[in-house]
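Going down the list, the sequences are from chains A and B.
Going letter by letter, the first sequence gives residues 0 to 202 in numbering that gives the first Met the number 0.
Going letter by letter, the second sequence gives residues 0 to 247 in numbering that gives the first Met the number 0.
These notes are about the structure you will find just below.
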Amino acid sequence: MKRGLKHDFSLIAIMLIPIGVGLNVVIAQLVQILRLPIWLDAIGTIVAGMIAGPWVGLVTGGATNLVKSIFTPTELPFAISSMAIGFTVGMLSKKGMFSNFGKTIGAGLIVTVIAVIISTPIIVWVYGGISGSSASAMTAVLLASGHRLVQAVITSMGLLELIDKTSSVIIAYLIVNKMSDRYLSKHNYAQSFIKSNKKSKAA
Amino acid sequence: MEKKNAVLSLYPTTKLLMILLFAISVFIIPNYLFGYAIFFVCLLIAAIGSVTKEFANLTIKGLFSLSVLIFVLQSFFYPGTHVLWEWSFLAITQEGVDFALGLTSKIIAVGSSLILFFRITPVKDFVYSLEVLGLSPKATYVVLSTLTIIPEMKKSSQIIMDAQKTRGVETEGSLMVRLKALLPMITPLVLSSVASTEERAMALEARGFTVNKRKTSIYSIEKTGRDSFIRVMLLVILILLIVWRVAL
Chain A
0 MKRGLKHDFS
10 LIAIMLIPIG
20 VGLNVVIAQL
30 VQILRLPIWL
40 DAIGTIVAGM
50 IAGPWVGLVT
60 GGATNLVKSI
70 FTPTELPFAI
80 SSMAIGFTVG
90 MLSKKGMFSN
100 FGKTIGAGLI
110 VTVIAVIIST
120 PIIVWVYGGI
130 SGSSASAMTA
140 VLLASGHRLV
150 QAVITSMGLL
160 ELIDKTSSVI
170 IAYLIVNKMS
180 DRYLSKHNYA
190 QSFIKSNKKS
200 KAA
Chain B
0 MEKKNAVLSL
10 YPTTKLLMIL
20 LFAISVFIIP
30 NYLFGYAIFF
40 VCLLIAAIGS
50 VTKEFANLTI
60 KGLFSLSVLI
70 FVLQSFFYPG
80 THVLWEWSFL
90 AITQEGVDFA
100 LGLTSKIIAV
110 GSSLILFFRI
120 TPVKDFVYSL
130 EVLGLSPKAT
140 YVVLSTLTII
150 PEMKKSSQII
160 MDAQKTRGVE
170 TEGSLMVRLK
180 ALLPMITPLV
190 LSSVASTEER
200 AMALEARGFT
210 VNKRKTSIYS
220 IEKTGRDSFI
230 RVMLLVILIL
240 LIVWRVAL
């Protein structure tokens, strides 16, 4: 199957973008209803990246923050971070990092690192360190106890993102593995999730 | 939509240029009073466009709470030497207050102009004008269908939640109980919505969505003389702002 910027946007992959954005928004709300201490606001992006590749993941991430910014414009700068997450997951999927559970946890760690590297400068430059998320309280405490700004942001973001992004990646992995072979076979990057492929390799 | 309204009837890209000017102007003029003034300009335009209520609602909920938080935390924790007020280990410094004023004025100016733009411009119009400028109809589809899919998905997530509760999944209680409820809620939502992409793709294919021909639109909006007038005005204001900055 041909891959790359031109081939990734097949019709069915394009259909996945609005669904991914919708999942990001709706799951984040569901998590709030359940009063869980995490965000899980990137599962749609991660699913899109996993089965439709880096470019579709990137567009899904960017579109999510554009749509969110219609109501909360403070989300707009984080579009870059969402795009990076989608792209990274797509690249990891291309490299076969989601072929088993152990590798998936490793992939979750890589996504966390990328998310922190991209989000920290945005929080520091655009919002002066406090972006109003749940990490801000921790940032403030670290600042008060004498840490430097960048250090405080990285520590608080890193801890929260580590829990949030690894669990997002694991949840997405579990769900994608439940999709039917027939559906997965229509996507460019879903080979490692197709069950009959896995069985034939084992045999 | 009433077409008579002086603000609402402008062409979408004209409104976009106006909002961009507002957003850029706070970086041209660094004074924080100017940033806060932009908010009142936005409020005035919202009033003319009769969207004051929604505009005020979203700015108060989304922007002011964040700005107050940033303001308080920054004035306490920004490093500085000129102490204005002190209580045990907490101290407000002049540098902190200055930094917080500058930062929040920019956030409020840029944020409120963005909120204003989407209140006076229906997304449909905005995407249409971008398509005229050469945006792919596929991108138009993605944006518009996203906006219709989200409310639909919210409904189906509610249905799934009720169904799972009926089957005995606990959604209240300790953290562990609520965590366990997460997967049974999310999995059906993701699987059903992802499976629906197949049908959508076929439906669109059957209507010639992927045909490589120029597509016509049944919906259209026209530019008027007022648009060109306002565009020229915006350019003049931009030049004046730059002159003001250089002269200062």
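Glycine is no exception: its CB is placed at the ideal position from the N, C-alpha and C atoms.
ask   = What does B/Ser110 touch in chain A if you count any residue whose Cβ is under 8 Å from its own?
value = Note on identity: in this sequence residue 110 of chain B is Gly, with Ser being the wrong assignment. Those within 8 Å of B/Gly110 in chain A are Pro72, Thr73.
message = If contact is defined by three or more beta carbon pairs under 8 Å, each pair taking one atom from either stretch, is the region 178-196 of chain A in contact with the region 71-87 of chain B?
response = The region 71-87 of chain B makes no contact with the region 178-196 of chain A; the number of CB pairs closer than 8 Å stays below 3.
B/Thr120 burial status per 10 Å Cβ neighbour count (16 or more: buried) = Classified as buried, B/Thr120 has 16 or more neighbouring CB atoms from the shown chains inside 10 Å of its CB.
Given 8 Å, three or more beta-carbon pairs between the region 177-187 of chain B and the region 93-104 of chain A = No, the region 177-187 of chain B is not in contact with the region 93-104 of chain A.
query = Within 8 Å (strictly less), CB to CB, does A/Ala139 reach chain B?
reply = Closer than 8 Å: yes.
Length of the line joining the Cα atoms of B/Lys14 and B/Val40 = Rounded to the nearest whole angstrom, the CA to CA distance from B/Lys14 to B/Val40 is 14 Å.
Sheet register partners of B/Leu32 (DSSP bridge) = Paired residue(s): none; B/Leu32 is not in a bridge.
query = Under 8 Å between the Cβ atoms of B/Leu233 and B/Leu7?
reply = No; because the gap between Cβ atoms is not below 8 Å, this pair is not in contact.
query = Shorter than 8 Å from the beta carbon of B/Met0 to some beta carbon of chain A?
reply = Per-residue confidence for B/Met0 stands at a pLDDT of 44, beneath the threshold of 50, marking its modelled position as unreliable; no derived number is given.
Own chain, CB closer than 8 Å to A/Leu22, minus 5 neighbours either side, in chain order = So the qualifying residues of the chain are Ile42, Gly43, Val46.
ask   = Is the CB-CB distance between B/Ala45 and B/Phe54 below 8 Å?
value = In this structure, B/Phe54 lies closer than 8 Å to B/Ala45 by Cβ.
key: Which listed residue (B/Asp226, B/Ala162, B/Ile148, B/Lys212) has its alpha carbon closest to that of B/Val193   = Closest by alpha carbon: B/Ile148.
message = With three or more beta-carbon pairs closer than 8 Å as the criterion, would you say the region 61-72 of chain A touches the region 152-165 of chain A?
response = No, they do not touch.
Cβ distance (whole Å) where B/Ile220 is taken to contact B/Asp124 below 8 Å = Contact check for B/Ile220 and B/Asp124: beta-carbon distance about 6 Å, within the 8 Å limit, so the pair qualifies.
query = Applying the criterion that 16 or more other CB atoms from any shown protein chain within 10 Å of the CB defines a buried residue, is A/Lys151 buried or exposed?
reply = The question names Lys, but residue 151 of chain A in the sequence shown is Ala. Burial of A/Ala151 is indicated by the presence of at least 16 other C-beta atoms within 10 angstroms of its C-beta.
task = With B/Ile59 as the anchor, note down where its alpha helix (DSSP H) starts and where it stops.
result = Looking at the DSSP string, B/Ile59 is not in any alpha helix (DSSP H), and its letter there is neither H nor E.
inquiry  = Report the CB separation of A/Ile26 from B/Phe117 in whole angstroms; it is logged as a contact under 8 Å.
reply    = About 23 Å separates the two Cβ atoms, so there is no contact after all.
inquiry  = Taking its Cβ as the centre, do 16 or more other Cβ atoms sit within 10 Å of B/Asp161, making it buried, or is it exposed?
reply    = By the 16-neighbour rule on beta-carbons within 10 angstroms, B/Asp161 is exposed.
task = Determine, using beta carbons only, whether B/Pro50 and B/Val109 come nearer to each other than 8 Å.
result = Before going on, a small fix: residue 50 of chain B reads as Val here, not Pro. In this structure, B/Val109 does not lie closer than 8 Å to B/Val50 by Cβ.
B/Val235 - DSSP class collapsed to helix/strand/coil = Note: B/Val235 maps to helix in three-state DSSP.
ask   = Does any CB atom of chain B fall closer than 8 Å to the CB of A/Ile116?
value = It does not: the Cβ of A/Ile116 has no partner Cβ on chain B nearer than 8 Å.
key: Within-8 Å CB hit, B/Ser144 to chain A   = So yes, B/Ser144 belongs to the interface.
inquiry  = Am I right that B/Thr196 and A/Ile11 are in contact with their C-beta atoms under 8 Å? What's the rounded C-beta distance?
reply    = Distance from B/Thr196 to A/Ile11 at the Cβ level is roughly 6 Å; contact confirmed, criterion being Cβ atoms closer than 8 Å.
Within-8 Å CB hit, A/Lys197 to chain B = Taking Cβ atoms only, chain B never reaches closer than 8 Å to A/Lys197, which makes this a no.
ask   = Rounded C-beta distance between B/Thr145 and A/Val125? I'm assuming under 8 Å.
value = No, B/Thr145 and A/Val125 are not in contact; Cβ-Cβ is about 25 Å, not under 8 Å.
Proximal residues, the region 46-77 of chain B versus chain A, C-beta separation under 8 Å = Listed in sequence order: Leu57, Gly61, Leu62, Ser64, Leu65, Leu68, Ile69, Leu72, Gln73, Phe75, Phe76, Tyr77.
query = DSSP state of B/Trp243, grouped into three classes?
reply = In the structure shown, B/Trp243 sits in a helix (DSSP, three-state: H, G or I).
ask   = Can the beta-carbon of A/Pro129 be found less than 8 Å from the beta-carbon of B/Leu68?
value = A quick correction: the sequence has Ile, not Pro, at residue 129 of chain A. One thing to note: A/Ile129 has its Cβ within 8 Å of the Cβ of B/Leu68.
inquiry  = Buried or exposed for B/Ser66, going by 16 or more other Cβ atoms inside 10 Å?
reply    = Its Cβ being crowded by 16 or more others within 10 Å, B/Ser66 is buried.
ask   = Are the beta-carbon atoms of B/Ile91 and B/Leu240 separated by less than 8 Å?
value = No, the pair does not count as a contact, with Cβ atoms beyond the cut-off.
request  = Please report how far the alpha carbon of A/Ser133 lies from the alpha carbon of B/Leu42, in whole angstroms.
outcome  = Our two residues, A/Ser133 and B/Leu42, have alpha carbons roughly 30 Å apart in a direct line.
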